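*Asks:* Just so it is clear: in the sequence shown, position 434 is 433 by numbering that gives the first Met the number 0, and no numbers are missing.
By construction, the Cβ of each residue, glycine as well, lies at the ideal position given by its N, Cα and C atoms.
Just so we're clear, the structure is a prediction, and the values are computed from it rather than from any experiment.
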Amino acid sequence: MRLHSLEVTAFGPYSDHQVVDFDQLGADGLFLLHGDTGAGKTTLLDAIAFALYGSVPGARNDAKRLRCDTAADDVNTSVVLELTIQGQRLRLERSPEYQRPKKRGDGYTTQQAKASLTWVATTPDGQSPEPLTRIDEVGRTVQRLLGMSVDQFFQVVMLPQGEFAKFLRADTGEREKLLERLFGTERFGEVERWFVDRRRERGRAVEEQSQQVRELNARISQVSGVEQVSEVGEANWLEDIEKQALRDLENTRAELTRLRRERDRAEAVRTERLELADKVRRVRQANATLADIDAKRSEHEAWRAERAAATRAIPVVSARRAADRAEQERDRAQAEVVTWASRCEVEPEAPLEDLRARANSERERAGALGQLIPEAQQQESDRRKLAELADRIAADEKRESELVAQRDGLPDRITAARTRVEEAKHAELRLETVRSRGTEVAALLTTAREIPGAQRELDTARARAQQAVDAHQQARDVLQDLRSRRLAGMAAELAARLADGEPCPVCGSAEHPAPGLPVDDQVRAEDEEAAQTAEQRAQAERERATTAAQQAEQQLANLRERLGEHTEPALAEELDELRAERKRLDETAAAFGQREAELAKLEAATDELGEQISALRSGIAAARSENTALTASIDEREARLRDGRGDFDSIADRRAHLLDVADRLERLVAARTARDDAQQRLTEARAALAEAATAAGFADTDEALAAERDERRLAELEESLAEVDRRAAGAREALAGADLFGVDPDTEVGLEQAVEAATTATEAAERAAAVAHGAEQRHGELADLGERLRAAWAELGPAMAEHAELEALADVVNGRGQNARKMSLRAYVLAARLEEVAIAATRRLQRMSDGRYSFVHSDAAGARGTRGGLGLDVLDDYSGKVRPAKTLSGGESFLASLSLALGLADVVAAETGGALLDTLFIDEGFGTLDADTLDLVMDTLDELRAGGRVVGLVSHVEEMRQRIAVRLRVRKSRHGSTLELATS
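#1: Excluding the five sequence neighbours on either side, which residues of its own chain have a C-beta within less than 6 Å of the C-beta of Leu430, listed in chain order?
#2: By the DSSP assignment, the alpha helix (DSSP H) with Arg195 in it spans what residues?
#3: Taking the straight line between their C-alpha atoms, what separation do you get for Arg623 and Val660?
#4: Please identify the residue among His955, Glu747 and Thr700 whose C-alpha is closest to the C-alpha of Leu273.
#5: With Asp872 as the anchor, note down where its beta strand (DSSP E) starts and where it stops.
#6: Please name the residue, chosen from Ser823, Ser209, Glu595 and Gln550, that lies closest to Ser972 on a Cα-to-Cα basis.
#7: Across the region 720–734 and the region 268–285, are there enough close Cβ pairs to call them in contact, namely three or more that are closer than 8 Å?
#8: Among Ala831, Ala757 and Ala884, which residue has its Cα nearest to the Cα of Leu178?
#9: Which residues mark the beginning and the end of the beta strand (DSSP E) in which Phe30 is found?
#10: Going by DSSP, what residues sit across from Tyr52 in a beta bridge?
#11: Evaluate the contact criterion for the region 616–630 versus the region 452–470: three or more CB pairs, one atom per stretch, below 8 Å.
#12: Is the CB-CB distance between Leu784 and Arg281 below 8 Å?
#13: Curious, which full-length alpha helix (DSSP H) runs of at least 4 residues does the region 882–908 contain?
#14: Do Ser54 and Asn75 have their beta-carbon atoms positioned less than 8 Å apart in this structure?
#15: With H, G and I counted as helix, E and B as strand and the rest as coil, what does DSSP make of Gly951?
#16: Along the chain, which unbroken stretches of the beta strand (DSSP E) at least 3 residues long are found entirely within the region 103–132?
#17: Which residues bound the alpha helix (DSSP H) around Val742?
#18: Just how far apart, CA to CA, sit Pro797 and Val205?
#19: Less than 6 Å between C-beta atoms, sequence neighbours within five positions excluded: which residues of the same chain meet that for Ala1024?
#20: By the three-class DSSP mapping on this structure, what secondary structure does Asp20 have?
#21: So, for Asp72: in the same chain, excluding its five sequence neighbours on each side, which residues have a beta-carbon less than 8 Å away from its beta-carbon?
#22: Counting C-beta neighbours from all protein chains within 10 Å, is the total for Tyr877 16 or more, i.e. buried, or is it exposed?
#23: Give me the Cα-Cα distance between Thr418 and Leu116, rounded to the nearest whole angstrom.
#24: I need the straight-line Cα distance from Ala386 to Lys582, nearest angstrom please.
#25: Let me make sure I understand the geometry here. Which of Ala321, Leu275, Val873 and Ala474 has the alpha-carbon closest to that of Thr841?
#26: Using 8 Å as the threshold, is the C-beta distance between Ser209 and Leu795 below it?
#27: Which residue's Cα is closest to the Cα of Ile838: Val828, Ala426 and His856?
#28: Grab the span of the alpha helix (DSSP H) containing Thr288 for me, first residue to last.
#29: Rounded to the nearest angstrom, what separates Glu241 and Arg262 at their Cα positions?
#30: For chain C, find out if any of its Cβ atoms is closer than 8 Å to the Cβ of Glu191; answer yes or no.
#31: Identify the continuous alpha helix (DSSP H) that holds Arg725 and give its terminal residues.
#32: What's the call for Val906, buried or exposed, on a 16-neighbour Cβ count within 10 Å?
#33: Could you check the C-alpha separation between Ala1001 and Arg559 for me, to the nearest Å?
#34: Put Ser148 into one of helix, strand or coil per three-state DSSP.
#35: Can you have a look at Ala914 and say buried or exposed, based on whether 16 or more other CB atoms are within 10 angstroms of its CB?
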């Protein structure tokens with residue numbers, strides 16, 4: 000992977016468009032990225048990671064704040080990276096999700112994240128030449144080309160020495176998390192979990208089988224009543240229970256057979272006694288029935304006479320009912336005659352011929368009036384039409400008045416509409432001015448609200464500056480005092496260095512007759528140097544504090560200058576007024592189209608109203624002419640209809656009256672005829688009644704009717720007489736039967752003793768059957784339970800052996816049990832990878848430490864039985880001993896961290912099979928090295944850039960600027976950071 004160019008816009012501290020040309024920057028193979036703290040050096044590395052993966056390293060990705068806060072609202076945040084991966088050049092462009100001000104109205108809206116991938120020059124096989132624009136599709140393509148995840152990329156391409164210093168000193172658990180994330184050994188963790196889950200499943204299965212054995216054992220003990228010898232049972236115990244159950248079954252069956260034979264003998268005696276008792280009862284019952292029938296013989300004969308008389312009276316009763324019906328019909332017909340005579344207002348017995356003649360006369364008069372009905376109907380229609388014409392004329396005249404009033408008011412409405420349109424146009428022009436002023440006032444109000452905070456910062460900065468001045472002055476006083484005291488004791492210091500026979504460094508004499516004597520509280524050179532260092536630090540702090548105070552003062556002056564004569568309350572009040580005016584102007588300007596349409600509609604309404612008024616006046620004139628003609632026609636027709644109507648409201652009413660009178664007369668004639676016919680039928684029915692009574696043998700009709708019985712009484716007589724005959728026949732037949740021949744009704748049977756003996760024998764047999772059935776069920780259930788228990792024993796043994804083997808294997812895989820190193824499978828794999836990293840890092844470390852240090856990987860278990868396998872120590876060639884990495888000094892730790900980072904990058908790249916990494920970034924840590932060690936590190940970095948690789952260093956160290964010719968400096972300012980390329 001080789002980077003060509005990077006473009007950032009409104010990203011991090013970069014408020015505008017900035018470009019990094021990596022082809023020019025990496026021409027020498029090594030370049031330096033430097034700048035002030037917080038200027039945005041690391042942000043450039045974040046931009047590369049964001050362009051590739053859509054995320055940035057560490058906690059900065061969680062903050063979700065990638066957009067520059069000082070960027071203009073109309074500038075979109077974006078990162079563009081052009082690079083070559085596996086020989087394929089491509090261009091990546093991404094924009095993060097961020098909040099931007101709404102284009103209309105107040106508030107913010109979410110700008111969605113975007114991504115695109117464009118193939119430069121040629122398109123790979125199997126890929127579309129069209130750019131990829133889906134975020135997930137771009138991410139998958141980049142990861143496929145690079146061959147590593149985002150975490151691996153951050154560790155392999157961008158080497159943060161601080162992170163590897165933590166890795167160097169980390170415990171086993173922390174190292175395991177990082178290595179697992181880099182080498183993707185999750186599948187070995189899944190193998191560990193598979194063994195644990197498998198062991199758990201098999202353990203549950205064994206427990207279920209053991210529980211089944213315990214339940215079967217308890218059930219056998221419960222059924223047999225024999226106490227358990229153990230939870231899982233024993234074979235001999237089960238066999239003894241089965242044998243005892245078989246013996247119990249055989250004994251109960253033999254007892255049941257004996258009791259059943261005794262029960263059968265008792266049942267036979269009882270049956271014989273029951274049959275004899277039934278015969279004696281039947282003889283006694285037959286004799287009693289015949290005696291009862293003989294005692295009621297006279298009553299039975301009276302029933303037969305009553306039945307015979309009622310049978311002979313049936314024809315007479317039928318004739319009487321026919322006469323009653325004829326009489327009822329005659330009465331109904333007479334009532335009809337009276338009713339219709341009353342309705343016709345005539346006598347009931349008026350001559351029929353007169354009634355028929357009058358009915359015909361009324362019908363003829365009604366027929367003559369029928370010819371006038373169409374004219375009457377037309378008269379009603381014309382009158383309705385005349386009323387409608389009058390209503391229409393009135394409505395049109397009212398509408399005409401309204402339209403005339405509208406036409407007369409149009410000029411004033413048009414003038415008002417034109418005024419409203421001009422008002423909307425003016426509002427749209429005024430709106431821009433109000434918006435501009437509102438933005439200006441809002442900025443001034445923000446400035447006014449920032450002044451108190453700036454004043455507090457200035458006061459704080461001045462106080463810190465004064466403290467720094469006092470501290471520096473105090474340090475200078477201490478330094479001057481020490482220098483004075485040291486000069487005073489300089490002779491004693493020189494005398495302390497004299498030796499017999501050695502020349503004096505001042506006079507050159509080998510003799511020292513009077514060397515200077517030490518003074519009280521002697522000041523050494525180290526004391527003076529320490530005081531001078533403290534004074535220099537205090538001076539630097541004084542300069543920093545003074546600069547900060549000056550900057551705070553300048554910031555406050557700028558704010559006050561920007562604010563001018565304005566005050567915060569006045570600005571707030573003016574801003575509220577401007578917002579209210581802008582809202583009103585927005586509403587007025589938005590109504591421009593509607594007001595313009597209303598004006599056009601009013602201007603077009605003048606001609607339309609004139610046409611409508613003219614059409615209405617023409618219609619009114621025509622309606623009035625039609626009204627006059629229709630009124631004359633109605634008056635002429637009314638004279639003809641008045642004679643035919645008479646005293647009635649209409650011709651139809653009078654004609655309906657004549658027809659009704661004729662109809663009532665005809666109904667009276669029909670009723671008279673029906674009454675005469677009914678009287679004739681009544682006379683005939685009364686004669687037939689007298690003849691029927693004589694023919695039935697009765698003296699007269701009343702005697703015949705007295706013998707009448709209803710059907711219920713006749714049925715009772717028939718049933719009673721038939722029952723008497725049936726009882727007598729049944730009793731005689733029973734006594735004449737062969738089975739009752741010779742039976743004495745006074746015989747003593749002895750039935751109770753036989754029934755009691757049979758009942759006792761039956762109960763004993765039933766109890767024996769229940770006992771035998773229970774023994775049989777117990778024997779069958781024990782046989783089934785025994786078979787199931789033996790089968791469960793046969794399955795449980797292999798299952799327990801398999802579970803024990805699986806449990807031991809799962810413990811070994813997870814670093815427990817017989818695993819002496821306490822290393823899990825995942826840790827074992829990571830230990831192998833860490834050993835490869837240690838070998839690769841040792842080559843770097845030995846060169847940079849001039850052969851002194853080497854990495855040593857340890858797979859020993861941790862303290863107190865904790866897991867091991869990921870130990871990492873250093874071998875000191877000077878002492879020949881292995882010591883923990885935590886004992887290295889700051890500079891040595893940097894060398895070890897850098898070596899470890901480079902070694903890990905080599906191993907991860909080889910492990911993932913990713914693209915060849917032609918660009919590498921190393922972040923910070925060089926300030927802890929002395930000059931010689933820095934030379935060794937630079938030699939190592941020179942080796943890294945061999946073969947065309949580009950190495951970028953991120954550092955504050957001044958000496959690095961002198962050693963590296965190509966530098967990219969990041970400058971920060973209030974308006975955003977900028978980039979500057981320098982070569983020397």
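*Replies:* Reading off the structure:
#1: Excluding sequence neighbours, Leu430 sits near Leu584 and Ala588.
#2: Residue identity check: residue 195 is Val in the sequence provided, not Arg. Its alpha helix (DSSP H) spans residues Glu185 to Ser223.
#3: Those two C-alpha atoms are separated by around 46 Å.
#4: Glu747
#5: Gly870 to Asp875
#6: Gln550
#7: yes
#8: Of Ala831, Ala757 and Ala884, the residue nearest in Cα terms is Ala831.
#9: Leu29 to Gly34
#10: Tyr52 is not bridged to any residue.
#11: The answer is no - the region 452–470 does not touch the region 616–630, with fewer than three Cβ pairs under 8 Å.
#12: Their beta carbons are not under 8 Å apart, which means Leu784 does not touch Arg281 by this criterion.
#13: Runs of the alpha helix (DSSP H) inside the region 882–908: none found.
#14: It is not a contact, given that the beta carbons lie outside the stated cut-off.
#15: In the three-state reduction of the DSSP assignment, Gly951 falls in the strand class, which pools E and B.
#16: 107–110 and 113–118
#17: Taken as a continuous stretch (DSSP letters only), Val742 belongs to no alpha helix (DSSP H), as it is neither H nor E.
#18: 10 Å
#19: Summary: the structure shown does not reach residue 1024, with the chain confined to residues 0 through 983, and so no result is reported for it.
#20: strand
#21: Answer for Asp72: Arg99 and Pro100, listed in chain order.
#22: exposed
#23: 57 Å
#24: 58 Å
#25: Val873
#26: yes
#27: His856
#28: Segment Ala234 to Ala294, the alpha helix (DSSP H) holding Thr288.
#29: For the pair Glu241 and Arg262, the Cα-to-Cα distance works out to about 32 Å.
#30: Protein chains in the displayed structure number just one, and chain C is not present.
#31: Glu710 to Ala735
#32: buried
#33: Residue coverage of the chain in this structure runs from 0 to 983, which leaves residue 1001 outside it and unanswerable.
#34: Ser148 falls in the coil class under three-state DSSP.
#35: In this prediction, Ala914 has a pLDDT of 46, which is less than 50 and means its spatial position is unreliable; what the coordinates show is noted afterwards. Looking at its Cβ environment, which holds 16 or more other Cβ atoms inside 10 Å, Ala914 is buried.
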